[in-house]
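Novice: My questions will all concern the structure given below.
Chains as they are written, first to last, in the working numbering: chain A, 12 to 239; chain B, 11 to 417.
Structure, rendered in structure tokens:
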């Protein structure tokens with residue numbers, strides 16, 4: 012029973028949403044957005060589970076003084092501080108009737124002064140990781156890696172003045188080898204062909220997976236059978 | 011005699027004034043003259059907008075002979091709507107010259123309407139012509155998506171047929187997928203080294219099919235970690251994914267006969283925030299140094315940060331996503347990458363379930379259908395371009411429209 016009911020719900024919702032794509036008549040019209048709202052409502056309640064789990068895991072770690080437990084103090088403090096600042100609307104104009112994200116509030120301040128810079132820092136790490144990954148990927152060890160290196164060189168050099176001046180002097184019959192032209196060709200022919208092949212595969216994969224889920228063939232996400 | 015004298019004076023003065031002056035500031039008599047002479051639209055018809063949810067009525071008309079031609083003095087069209095052929099008509103729209111269609115999206119469903127249209131010149135309006143009655147209704151089929159329905163039915167038939175073949179026990183050949191063959195290798199390596207396995211199911215929620223595919227693979231990996239008694243760590247960025255992940259891992263440990271090894275903390279929530287989650291997972295990697303890392307689900311900019319951190323700690327890494335923009339990063343930084351469809355195939359491939367394998371075979375049949383259409387389409391379009399044949403051009407256009415999906 013614990014599996015039968017979710018399987019029935021999956022089947023009915025799946026079929027209804029497919030029908031809604033082709034039928035603009037009520038009650039199918041707007042069914043996808045209505046189901047999205049139901050999902051959001053459930054997700055809001057699930058967030059309490061998530062927050063509770065975060066606290067449980069880290070408080071236990073602090074209590075047991077497990078390895079690296081001091082980091083957990085930072086996590087729990089950050090969680091408590093942001094939650095408290097938002098719930099209590101500390102410093103917000105208009106007090107309890109004001110917006111928790113309102114100007115002058117502690118929540119807003121913490122978001123702008125701490126959270127955003129931390130996010131930007133993590134994002135900017137990408138620059139270093141791109142460099143290290145490129146170094147490994149572009150080593151011309153094999154024929155495929157060499158092709159990748161040449162293609163990457165053409166694409167990367169294109170927006171620079173060097174990309175233009177290196178090959179602008181080529182005679183008209185060889186202008187297709189001019190780096191801006193070559194770069195456009197790489198992006199719009201071999202790259203596009205590869206991307207489209209991947210996209211077709213993904214689309215078919217999604218259709219197949221969805222069918223497995225709707226027909227109840229794929230059940231691993233449903234968890235335990237229970238006794239029901 | 012006096013009247014004739016006035017008329018002569020008017021004619022003399024009028025003949026010496028620039029024509030543009032009349033056009034900009036017409037006298038009343040000129041406006042009256044224009045009212046009579048601006049020709050109305052060539053024709054006017056109204057109909058219920060097809061393939062919609064109701065509330066829309068489409069109006070079509072032919073350009074006034076003076077719109078872009080003739081005296082070329084039409085500036086637009088004025089559209090009025092009434093609930094009967096006579097009585098009050100309200101204005102529902104004005105469109106610029108050269109326009110031949112207007113959709114009235116303020117119509118009430120089930121109400122009968124009449125419409126009037128007039129060409130507008132700078133000096134006045136043409137005669138109004140009327141069309142109707144027309145009633146807006148909800149439609150039972152969106153004809154603009156008929157091609158999508160045909161494609162979907164073809165795919166569903168192909169996949170269902172092979173699922174059936176799998177169910178009756180037919181032998182189905184599925185090519186080896188290196189990334190999935192490596193799952194056992196990764197789990198074995200972690201077991202030998204006495205270190206943990208990290209599984210990241212992407213940063214999207216359970217409403218994303220990639221997350222569902224990732225969780226299905228987690229089930230297979232969890233069975234192996236339970237069998238080998240290897241530590242498994244699944245940090246997630248969505249609460250619902252945590253709930254589903256827990257149930258999945260719990261069931262996998264039960265099926266492996268090791269429910270004693272399961273605890274709820276295997277799957278734990280971090281944060282919904284993208285980079286906060288990445289920072290936490292990176293921290294786990296650097297501190298715990300898992301021997302194997304799996305990234306299977308939907309990823310965005312965090313893909314490379316995770317994969318490069320995993321690479322720096324020397325973990326064996328298997329990634330899979332259907333986000334085309336993130337695939338190059340995974341290919342560059344991971345040992346094995348499941349590209350697009352392979353992510354969706356993974357669960358079936360690992361489970362070895364015949365029906366699931368049948369669905370993969372059906373996917374291949376879908377791919378064969380796509381290939382046939384691509385080859386035929388390219389051939390027909392090339393021949394049409396070379397020969398200029400109308401029939402081939404029409405066939406090429408029909409094929410192009412068949413695959414122009416309208417969502």
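Cβ atoms here follow ideal geometry from the backbone N, Cα and C, with glycine treated the same way.
Once the 5 residues before and after residue 117 of chain A are set aside, which same chain residues still bring their CB inside 7 Å of it?
Specialist: Along the first chain, read from residue 1 onward, the residue named residue 117 of chain A stands at position 106. Contacts found: 96, 101 and 102.
Novice: Could you check what DSSP says for residue 140 of chain B in three-state terms: helix, strand or coil?
Specialist: Position 130 of the second chain, counted from the first residue, corresponds to residue 140 of chain B. In this structure, residue 140 of chain B counts as strand in the three-state DSSP scheme.
Novice: Using alpha carbons as the reference points, say which of A:188, A:183 and A:27 lies closest to residue 177 of chain A.
Specialist: Within the first chain, the letter at position 166 stands for residue 177 of chain A. Nearest C-alpha to residue 177 of chain A: A:188.
Novice: Mind listing the chain A neighbours of residue 327 of chain B? Cutoff is C-beta to C-beta under 9 Å, in chain order.
Specialist: The residue given as residue 327 of chain B occupies position 317 in the second chain. Those within 9 Å of residue 327 of chain B in chain A number zero; the least Cβ separation is about 12 Å.
Novice: Would you mind sorting residue 203 of chain A into buried or exposed? The rule is 16 or more other CB atoms within 10 Å of its CB.
Specialist: Here residue 203 of chain A refers to the residue found at position 192 of the first chain. Exposed is the call here.
Novice: I'd like to know whether the C-beta of residue 125 of chain A is nearer than 8 Å to at least one C-beta of chain B.
Specialist: Locating residue 125 of chain A in the first chain gives position 114, where the first residue counts as 1. For residue 125 of chain A, the answer is no, since every Cβ of chain B falls outside 8 Å of its Cβ.
Novice: Are residue 179 of chain B and residue 215 of chain A closer than 8 Å when you measure CB to CB?
Specialist: As a first step, residue 179 of chain B must be located in the second chain, where it is residue number 169. As a first step, residue 215 of chain A must be located in the first chain, where it is residue number 204. Result no, Cβ atoms of residue 179 of chain B and residue 215 of chain A do not sit closer than 8 Å.
Novice: Could you check whether the segment 78-97 of chain B touches the segment 105-119 of chain B, counting it as contact only if at least three pairs of C-beta atoms, one from each stretch, sit closer than 8 Å?
Specialist: Yes: at least three Cβ pairs fall under 8 Å.
Novice: In the DSSP assignment, find the unbroken beta strand (DSSP E) run with residue 88 of chain B in it and report its ends.
Specialist: Within the second chain, numbered from 1, the residue matching residue 88 of chain B stands at position 78. Run containing residue 88 of chain B: 84-92, per the beta strand (DSSP E) assignment.
Novice: Is residue 35 of chain A helix, strand or coil when you go by DSSP?
Specialist: Locating residue 35 of chain A in the first chain gives position 24, counting from the first residue. In the structure shown, residue 35 of chain A sits in coil (DSSP, three-state: anything other than H, G, I, E or B).
Novice: How would you write the range of the beta strand (DSSP E) that residue 114 of chain B sits in, first residue to last?
Specialist: The residue you call residue 114 of chain B lines up with position 104 of the second chain. That run of the beta strand (DSSP E) goes 111-114.
Novice: Taking all protein chains shown into account, decide if residue 157 of chain A is buried (16 or more other Cβ within 10 angstroms of its Cβ) or exposed.
Specialist: One-based indexing of the first chain puts residue 157 of chain A at position 146. By the neighbour-count rule (16 or more Cβ atoms within 10 Å), residue 157 of chain A is not buried but exposed.
Novice: Please report the residue range of the alpha helix (DSSP H) in which residue 314 of chain B lies.
Specialist: Start at 1 with the first residue of the second chain, and residue 314 of chain B comes out as number 304. Looking at the DSSP string, the run of the alpha helix (DSSP H) that includes residue 314 of chain B is 312-322.
Novice: Are residue 69 of chain B and residue 56 of chain B touching if we call contact CB-CB under 8 Å?
Specialist: For the purposes of this step, residue 69 of chain B is identified with residue 59 of the second chain, where counting begins at 1. For the purposes of this step, residue 56 of chain B is identified with residue 46 of the second chain, where counting begins at 1. Yes, these two residues count as a Cβ contact at 8 Å.
Novice: Quick one: using the 10 Å Cβ neighbour count with 16 as the cut-off for buried, is residue 230 of chain B buried or exposed?
Specialist: Sequence index remark: in the second chain, residue 230 of chain B carries index 220 (1-based). With 16 or more other Cβ atoms within 10 Å, it is buried.
Novice: Please classify residue 397 of chain B: is it buried, with 16 or more other beta-carbons within 10 angstroms of its beta-carbon, or exposed?
Specialist: Against the second chain, residue 397 of chain B aligns to sequence position 387. Exposed.
Novice: Got a sec: is the Cβ-Cβ distance from residue 208 of chain B to anything in chain A below 8 Å?
Specialist: Within the second chain, residue 208 of chain B is the residue found at index 198, counting from 1. With 8 Å as the cut-off, residue 208 of chain B does not count as an interface residue toward chain A.
Novice: Since residue 115 of chain A sits in a beta bridge, which residues does DSSP pair it with?
Specialist: For the purposes of this step, residue 115 of chain A is taken as the residue at position 104 of the first chain. In DSSP, residue 115 of chain A forms no bridge with anything.
Novice: Please give me, in chain order, every unbroken run of the alpha helix (DSSP H) with length at least 4 that falls completely inside the segment 134-173 of chain A.
Specialist: Segments of the alpha helix (DSSP H) lying fully in the segment 134-173 of chain A: 154-168.
Novice: Kindly indicate the opening and closing residues of the alpha helix (DSSP H) around residue 98 of chain B.
Specialist: By 1-based counting over the second chain, the position of residue 98 of chain B is 88. Premise fails: residue 98 of chain B is in no alpha helix (DSSP H) and is neither H nor E.
Novice: When the Cβ atoms of the segment 328-337 of chain B are set against those of the segment 348-360 of chain B, are three or more pairs found closer than 8 Å?
Specialist: In short, these stretches touch, since the Cβ pair count reaches three.
Novice: At a cut-off of 7 Å, would you count residue 109 of chain B as near the ligand FAD, judging by its Cβ distance to the nearest heavy atom?
Specialist: In terms of ligand content, the structure shown is empty, and the ligand FAD therefore cannot be addressed.
Novice: Going by other Cβ atoms of all chains shown within 10 Å of its Cβ, with 16 needed for buried, is residue 400 of chain B buried or exposed?
Specialist: Along the second chain, read from residue 1 onward, the residue named residue 400 of chain B stands at position 390. Residue 400 of chain B should be labelled exposed.
Novice: Assuming residue 190 of chain A contacts residue 225 of chain A under a Cβ cut-off of 8 Å, what Cβ separation, rounded to an integer in Å, is found between them?
Specialist: In the first chain, residue 190 of chain A corresponds to position 179, counting from 1. In the first chain, residue 225 of chain A corresponds to position 214, counting from 1. In fact, because the Cβ distance is near 50 Å, the residues do not count as touching under 8 Å.
Novice: In whole angstroms, what is the alpha-carbon distance linking residue 213 of chain B and residue 228 of chain B?
Specialist: Within the second chain, residue 213 of chain B is the residue found at index 203, counting from 1. Within the second chain, residue 228 of chain B is the residue found at index 218, counting from 1. Roughly 15 Å separates the two Cα atoms.
Novice: Using a C-beta to C-beta distance shorter than 7 Å, which residues of chain B count as neighbours of residue 6 of chain A?
Specialist: Nothing about residue 6 of chain A can be read from this structure; chain A reaches only from 12 to 239.
Novice: For residue 91 of chain A, return the contacting residues in chain B, with the cut-off set at a CB-CB distance below 9 Å.
Specialist: Position 80 of the first chain holds residue 91 of chain A. Those within 9 Å of residue 91 of chain A in chain B number zero; the least Cβ separation is about 14 Å.
Novice: Indicate the three-state DSSP secondary structure (helix, strand or coil) for residue 207 of chain A in the structure shown.
Specialist: Here residue 207 of chain A corresponds to residue number 196 of the first chain, with the count starting at 1. DSSP places residue 207 of chain A in helix when its eight states are reduced to three.
Novice: Given residue 153 of chain B, which residues of its chain have a CB within under 7 Å of its CB, disregarding the five upstream and five downstream residues?
Specialist: Here residue 153 of chain B corresponds to residue number 143 of the second chain, with the count starting at 1. Contacts found: 60 and 61.
Novice: Look at the alpha carbon of residue 186 of chain A and the alpha carbon of residue 196 of chain A, and state the distance between them as a whole number of angstroms.
Specialist: For the purposes of this step, residue 186 of chain A is taken as the residue at position 175 of the first chain. For the purposes of this step, residue 196 of chain A is taken as the residue at position 185 of the first chain. Between residue 186 of chain A and residue 196 of chain A, the C-alpha separation is close to 12 Å.
Novice: Using a Cβ-Cβ cut-off of 8 Å, state whether residue 285 of chain B counts as contacting chain A.
Specialist: Your numbering for residue 285 of chain B matches position 275 in the second chain. Closer than 8 Å to some Cβ of chain A, the Cβ of residue 285 of chain B qualifies, so yes.
Novice: Given a cut-off of 8 Å, decide if residue 330 of chain B and residue 356 of chain B are closer than it, judged by their beta-carbon atoms.
Specialist: Residue mapping note: residue 356 of chain B aligns to position 346 of the second chain, counting from 1. Residue mapping note: residue 330 of chain B aligns to position 320 of the second chain, counting from 1. Yes, they are a contact pair.
Novice: Closest to residue 476 of chain B by C-alpha separation, out of B:188, B:115, B:203 and B:226, would be which residue?
Specialist: Since the first residue shown for chain B is 11 and the last is 417, residue 476 of chain B is missing from the structure and cannot be characterised.
Novice: Check this for me: beta carbons of residue 65 of chain B and residue 110 of chain B, under 8 Å apart or not?
Specialist: Working through the second chain from its first residue, we reach residue 65 of chain B at position 55. Working through the second chain from its first residue, we reach residue 110 of chain B at position 100. Taking 8 Å as the Cβ cut-off, residue 65 of chain B and residue 110 of chain B do not qualify as a contacting pair.
Novice: Pick from A:71, A:27 and A:114: whose alpha carbon is nearest that of residue 46 of chain A?
Specialist: Looking up residue 46 of chain A in the first chain gives position 35. It is A:27.
Novice: Please report how far the alpha carbon of residue 232 of chain A lies from the alpha carbon of residue 344 of chain B, in whole angstroms.
Specialist: Residue 232 of chain A sits at position 221 when you count from the first residue of the first chain. Residue 344 of chain B sits at position 334 when you count from the first residue of the second chain. For residue 232 of chain A and residue 344 of chain B, the distance between alpha carbons rounds to 26 Å.
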